[in-house]
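Student: Structure in structure tokens, see below.
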Amino acid sequence: MVRVLVIGYAPDAVDFTDPAIPPGLTEARVAEGIGRDAQSMRDRGWEAVHLPIRADGSLRHDISECLARETFDCIVIGAGVRMTTKHVAAFEQVIDAVRRGAPQTPIAFNASPDSSGEAAARWLG
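Its first residue numbered -9, the sequence shown is counted upward by one per residue in my numbering.
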């Protein structure tokens, strides 16, 4: 079974006042999008694992720990992680942790909370 890791901010960790975040996006909409996306991947016969992160000192550890325990066919990094210049250092830490923990695994980038399956499909076919 194809396994996809989706790394994104926990819905309650998103700063919706940031101008880089699309207008109208809310915690509930992010959570709903993640749920739709997980179902979409199950419909493809894939297993989706969502790793919610926060822009704090725990994110590198959380990613490294997950990648030490499990292997994935693709890793999708959420748009919210890279969209805002406010968290460039956190984005760098995410990329570094993924590169170190899963150096041979393709990395994809979604455009919204419900497009991770599409992003992974670009690499998985």
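Ideal Cβ placement from N, Cα and C applies to all residues, glycine included.
Counting beta carbon pairs with one atom in the region 89 to 109 and one in the region 26 to 39, are three or more of them shorter than 8 Å?
Tutor: Yes, since at least three Cβ pairs between the region 26 to 39 and the region 89 to 109 fall closer than 8 Å, the two stretches touch.
Student: Assign H51 to buried or exposed, taking buried as 16 or more other Cβ atoms, counted over all protein chains shown, within 10 Å of its Cβ.
Tutor: Exposed, by the Cβ-count rule.
Student: Please go through the same chain and pick out, in chain order, the residues whose beta-carbon is closer than 7 Å to the beta-carbon of S102, but skip the five residues on each side of it.
Tutor: Result list for S102: G23 and A69, in chain order.
Student: When DSSP builds the beta bridges, which residues end up paired with F99?
Tutor: DSSP output for F99 lists I67 as bridge partner(s).
Student: Would you say A87 and S54 are within 8 Å of each other, going by their C-beta atoms?
Tutor: Their beta carbons are under 8 Å apart, which means A87 touches S54 by this criterion.
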